[in-house]
Structure formats: C-alpha cells, structure tokens
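Structure record follows, encoded as structure tokens.
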Amino acid sequence: TMLGVITTDAVVASDVWRKMVQIAVNRSFNQITVDGDTSTNDTVIALASGLSGSPRISSLQSHEAVELQAGLDAVMQGLAKSIAWDGEGATCLIEVSVTGGEIEAEAAKIARSVASSSLVKAAIYGRDPNWGRIACAAGYAGISFDQKKLRVLLGDILLMDGGEPQLFDRAAASAYLKKSGETHGTVDIKVSVGDGPGRGQAWGCDLSYDYVKINAEYTT
Amino acid sequence: VSATTPTDVDASSFPAAPIFLPQGPWSQIPGGVTAAQGFKAAGIYGGLRAVGQKPDLALVTCDVDAISAGAFTTNVVAAAPVLYCKNALEFSETARAVLINAGQANAGTGDAGYQDVIECANALAKLLKMGPEEVLIESTGVIGQRIKKGALLESLPNLVSSLSQSTLGADAAAVAITTTDLVSKSVAIETEVGGATITVGGMAKGSGMIHPNMA
Chain A
1 TMLGVITTDA
11 VVASDVWRKM
21 VQIAVNRSFN
31 QITVDGDTST
41 NDTVIALASG
51 LSGSPRISSL
61 QSHEAVELQA
71 GLDAVMQGLA
81 KSIAWDGEGA
91 TCLIEVSVTG
101 GEIEAEAAKI
111 ARSVASSSLV
121 KAAIYGRDPN
131 WGRIACAAGY
141 AGISFDQKKL
151 RVLLGDILLM
161 DGGEPQLFDR
171 AAASAYLKKS
181 GETHGTVDIK
191 VSVGDGPGRG
201 QAWGCDLSYD
211 YVKINAEYTT
Chain B
1001 VSATTPTDVD
1011 ASSFPAAPIF
1021 LPQGPWSQIP
1031 GGVTAAQGFK
1041 AAGIYGGLRA
1051 VGQKPDLALV
1061 TCDVDAISAG
1071 AFTTNVVAAA
1081 PVLYCKNALE
1091 FSETARAVLI
1101 NAGQANAGTG
1111 DAGYQDVIEC
1121 ANALAKLLKM
1131 GPEEVLIEST
1141 GVIGQRIKKG
1151 ALLESLPNLV
1161 SSLSQSTLGA
1171 DAAAVAITTT
1181 DLVSKSVAIE
1191 TEVGGATITV
1201 GGMAKGSGMI
1211 HPNMA
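Chains A and B, in that order, are what the protein sequence lines are.
For the first sequence, the numbering used here gives the first residue as 1, with consecutive numbering after it.
For the second sequence, the numbering used here gives the first residue as 1001, with consecutive numbering after it.
Structural data, given as structure tokens:
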C-alpha cells in the first residue's frame, strides 16, 4: 500500500485543485511499481490552506496554475520515486524514460510497462544488460509504434537502435548495473519509440530474492 | 521493564529516504507536511503495530478549512477508509485533518470496519472541535484486520497534544505511517506562484503491494 498526504499554502479553487492533484498523481504515484499489485488502500489526500496569500488560482490554464502544477508534480514525483527506491528487497531505483510517443499518456504507459516487467527487474538484479526484455516489455504495453524506430539506452550505453541490437561493451554495461546496486543508486533506462512529442517516465526497482523472502513471511 | 505506554518516539532515530526531486524553479526546504503555512503534524506510538514500538499513529491538521482533494485506489476490494474518504470529499470541498494508522488496513472488514472509521473520525473531530466530515482517514497494514480501535481512541488525546508545526512533527508523522518501509518519505519545496512564495510539502509511505492506479 502507498499512502500520501500533500499540503500547500497556495490559494486555489476547489475544482481546479482536484484536477491538479489528479494530474500530478498520474505523473507520479500512478507511474511507480514494485510488484504489480494494486492495493486495497492506496490513497493520496491533498490540502490547500490558502494562507500564503498568493494570487487565487481559479483556472487550470492560468500561468499561476502552471507554476503550482509544476511544484505539485515535483513533490509527488520526489515522494513516488522514494517509494520505488524503497521497494521491498530493492537494491536500486529504476527510472524508465520514454520519448517519441504520440502523446504523454502513451509514452507513460510504455514506461510503466518496462518498469513493471519481472524479467527486466530480475535482469537488473542479475546485473544483465538485457535489451531484449526491455524491447519486449515496451512492445506489449498496448501502444503501437514502429519497431524499426525502437532505441534503447542503459545509462549512456546504446543497446538498441533502429530496432536492432548494437555492439556494446557488455562488461561496462554490467558494471554500471553493479555500481547502481552497490550504492542503492538509480538505473536509467531510456527508450525512444518514434518522433512524436509524447514523453513519460516510470519508476520501479529490481527484483531480488529478498522480495520473495519478505512476502513469504509477511502474512496478510 | 518500562510500561509500554503510547509515546511520541524520537522520529530522528529512523532513517529517511533520499528524495530525488526533478529540476525546476523551486528550492527544497525542511518540514514535509508542516512546511506550508497553517499545517501541524504528529506521530506517536499508539500500540497499534503488531510488533515493536515504532510510531504507528499520525495526524496532520490545518488551522483553517483547507481545500481538499483526493485520489483513491481503483481496486474494487476497497478498504473502509477509502470508501469513507470518497464520501467525505463528495460531501465537502474542505477538510481540516487527516488521521493515519499503520498496522491494520481495515480492508475486507465489512460494515463493522466502516463503523470503526466513523467512530474514529467522530472521536477526533470532537477533540479538535470540528465537524466529523472535516476529518479524513487513511489506513495501512494487514488486510482483513479491523483497527485496534480501543488503543487508537485512547491515544487520540496524546496524539492531539503532540501536534507541532515544526519539522519534528512532520518527521514523526512520516515515520508513523510506515509499514514494511525501511525509510520514511517526506519532502517540501518553496516556489513562486504569481510572484508570491508558496510552499508545497508532503509525506508518503510504501514498499510492497505497490502498483497504484488511483483516480
């Protein structure tokens, strides 16, 4: 289960605040995954006191709304990433960035599909730069794209381009994964699926033996 | 043997998660949910957790009627506090308190579980001298178990008297909402809206059963 409480002193109308919060949730908490299980209790409550005395926001399109949305997205993304970073048994945070989609929602769906893949998560725990599993997870996301335009990078290492595997330094790629695991750092997976403007991110963590151990013992 | 009375355990003894904020025109400041004007928070050990004495009961309050919003699991096996909060937000555009318990999810607990939520909201509202519809509730923990209501209700006066607008209050609340988490999660930023400085802060928990689809 994830729970969240967000507070702000901005001055914002109720209907605008409720839309802003859902947009921010879609760009943050709804883009994380540890085990693919959607809880019975997931909840985010967001409260705006209005005590800052800032200009009142009564339209989602106003400049002030754009400024508040950006701050709200940042706080929720910061918290969402910390949940994925602390995933049960995790040794590293996985950040999947997808570009080239038709729209933001499509790119976000592909990103979450890759972050959710047990095979991708296990490969990262095994420090295996397994581009095939990343390509497979992008392909079954339910979003159509030209596979000849698929490009995959692991950190700065190009694994796939033009839909085909590239020669790359496997030891260096594995060392990148190993270092991320040893420092509980972040593994960056960048996927491009075309030339569209849509971009999205998702966050997850690697799948370790400890995840099974923790959940085999913790009954619910 | 020290009596295990509910106490506000020092939250700083629990590790906090690193927060990876995206780049932007904001600066990170201490304080989590209490950084924004008007908010207080508390986290105490109320005897709710199955084992250990880690804080397990949190409260966030606002001095004024705060504009409220919420996003909730779309899992149709929804916990009692989820159903309660969705109704409360339908009923009122504002709220003034969020009460959070860790240990029992109050999910799969039927009408009795829903009644527990109402009793807890009413009891807190009375202490805070506000309407029960201004109180929202979040729960996390073992599915199928009802809240340890007796222990929770007994802890409310101590929880309310522990409220603080300091960073300590925010940190204690962030620890109290955790379950299998290894670290607490709390952050706040200062940014500009229309030339005025505003603050956005928050706390979260989560480590397992994580694939949110909230609406």
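The C-beta atom is built at its ideal place from N, Cα and C for all residues, glycine as well.
A quick note: this is a predicted structure, and the numbers were derived from the prediction, not measured.
Simplified DSSP assignment, three categories, for residue i
{"i": "D73 of chain A", "result": "helix"}
{"i": "D1181 of chain B", "result": "coil"}
{"i": "L153 of chain A", "result": "strand"}
{"i": "M20 of chain A", "result": "helix"}
{"i": "D1063 of chain B", "result": "strand"}
{"i": "E164 of chain A", "result": "strand"}
{"i": "F1091 of chain B", "result": "helix"}
{"i": "K1086 of chain B", "result": "helix"}
{"i": "S174 of chain A", "result": "helix"}
{"i": "A1215 of chain B", "result": "coil"}
{"i": "G1194 of chain B", "result": "coil"}
{"i": "V1001 of chain B", "result": "Any reading at V1001 of chain B must be qualified, since the residue scores a pLDDT of 28, below 50, and its modelled position is unreliable; the value itself is stated next. V1001 of chain B falls in the coil class under three-state DSSP."}
{"i": "L79 of chain A", "result": "helix"}
{"i": "G1202 of chain B", "result": "strand"}
{"i": "P1006 of chain B", "result": "Model confidence at P1006 of chain B stands at a pLDDT of 41, short of 50, so the residue's coordinates are unreliable and nothing is read from them."}
{"i": "I214 of chain A", "result": "helix"}
{"i": "G194 of chain A", "result": "coil"}
{"i": "D188 of chain A", "result": "strand"}
Residue i to residue j span [Cα, whole Å]
{"i": "Y1084 of chain B", "j": "D210 of chain A", "result": "35 angstroms"}
{"i": "N215 of chain A", "j": "D1056 of chain B", "result": "21 angstroms"}
{"i": "G53 of chain A", "j": "A1080 of chain B", "result": "36 angstroms"}
{"i": "A1151 of chain B", "j": "G1047 of chain B", "result": "6 angstroms"}
{"i": "L1153 of chain B", "j": "A65 of chain A", "result": "40 angstroms"}
{"i": "A105 of chain A", "j": "V114 of chain A", "result": "15 angstroms"}
{"i": "T1005 of chain B", "j": "A173 of chain A", "result": "Confidence at T1005 of chain B is low in this model, with a pLDDT of 39, below 50, so its placement is unreliable and no value can be given for it."}
{"i": "P1018 of chain B", "j": "Q1028 of chain B", "result": "12 angstroms"}
{"i": "D146 of chain A", "j": "N26 of chain A", "result": "26 angstroms"}
{"i": "E88 of chain A", "j": "G1208 of chain B", "result": "6 angstroms"}
{"i": "A1071 of chain B", "j": "S1012 of chain B", "result": "29 angstroms"}
{"i": "G181 of chain A", "j": "T91 of chain A", "result": "5 angstroms"}
{"i": "I1100 of chain B", "j": "N1158 of chain B", "result": "15 angstroms"}
{"i": "T99 of chain A", "j": "H1211 of chain B", "result": "22 angstroms"}
{"i": "G50 of chain A", "j": "D1065 of chain B", "result": "9 angstroms"}
{"i": "G101 of chain A", "j": "F1091 of chain B", "result": "39 angstroms"}
{"i": "A1173 of chain B", "j": "G132 of chain A", "result": "43 angstroms"}
{"i": "R1146 of chain B", "j": "A1105 of chain B", "result": "7 angstroms"}
{"i": "S59 of chain A", "j": "D15 of chain A", "result": "9 angstroms"}
{"i": "D1111 of chain B", "j": "V1117 of chain B", "result": "10 angstroms"}
Residue-chain proximity (residue i, chain B), Cβ-Cβ < 8 angstroms
{"i": "D221 of chain A", "result": "Residue numbering for chain A in the displayed model covers 1 to 220; residue 221 of chain A lies beyond these limits and cannot be assessed."}
{"i": "G71 of chain A", "result": "yes"}
{"i": "N215 of chain A", "result": "yes"}
{"i": "D146 of chain A", "result": "no"}
{"i": "I110 of chain A", "result": "no"}
{"i": "I143 of chain A", "result": "no"}
{"i": "M160 of chain A", "result": "no"}
{"i": "S113 of chain A", "result": "no"}
{"i": "G53 of chain A", "result": "yes"}
{"i": "G132 of chain A", "result": "no"}
{"i": "A173 of chain A", "result": "no"}
{"i": "G50 of chain A", "result": "yes"}
{"i": "F29 of chain A", "result": "yes"}
Short CB-CB distance (under 8 angstroms) between residue i and chain A
{"i": "C1085 of chain B", "result": "yes"}
{"i": "I1019 of chain B", "result": "yes"}
{"i": "A1196 of chain B", "result": "yes"}
{"i": "K1185 of chain B", "result": "yes"}
{"i": "S1068 of chain B", "result": "yes"}
{"i": "Q1104 of chain B", "result": "no"}
{"i": "K1205 of chain B", "result": "yes"}
{"i": "V1098 of chain B", "result": "yes"}
{"i": "V1135 of chain B", "result": "no"}
{"i": "G1208 of chain B", "result": "yes"}
{"i": "T1199 of chain B", "result": "yes"}
{"i": "E1090 of chain B", "result": "no"}
{"i": "D1171 of chain B", "result": "no"}
{"i": "A1095 of chain B", "result": "yes"}
{"i": "F995 of chain B", "result": "Nothing can be reported for residue 995 of chain B, as the shown portion of chain B is limited to 1001 through 1215."}
{"i": "A1125 of chain B", "result": "no"}
{"i": "S1166 of chain B", "result": "no"}
{"i": "P1022 of chain B", "result": "yes"}
Mind listing, in chain order, the continuous beta strand (DSSP E) runs of no fewer than 3 residues lying wholly within the segment 84 to 160 of chain A? 93 to 100, 151 to 154
For the segment 3 to 18 of chain A, enumerate the residues whose C-beta is nearer than 7 angstroms to any C-beta of chain B, in chain order. L3, G4, V5, I6, T7, T8, D9, A10, V12, S14, W17, R18
Along the segment 75 to 101 of chain A, where does the CB come closer than 8 angstroms to a CB of chain B? Name the residues. V75, M76, Q77, G78, L79, A80, K81, S82, I83, A84, W85, D86, G87, E88, L93
At a Cβ cut of 9 angstroms, what residues of the segment 1031 to 1063 of chain B count as close to chain A, listed as they run along the chain? G1032, V1033, T1034, A1035, A1036, Q1037, G1038, F1039, A1041, A1058, V1060, C1062, D1063
Any chance you could list the beta strand (DSSP E) runs of at least 3 consecutive residues sitting entirely within the segment 1008 to 1052 of chain B, in chain order? 1027 to 1029, 1039 to 1044
Could you pull out every unbroken beta strand (DSSP E) segment of at least 3 residues lying fully inside the segment 1094 to 1158 of chain B, listed in chain order? 1094 to 1104, 1135 to 1142
Check each residue of the segment 179 to 206 of chain A: if its Cβ is closer than 8 angstroms to any Cβ of chain B, include it; give the result in chain order. T186
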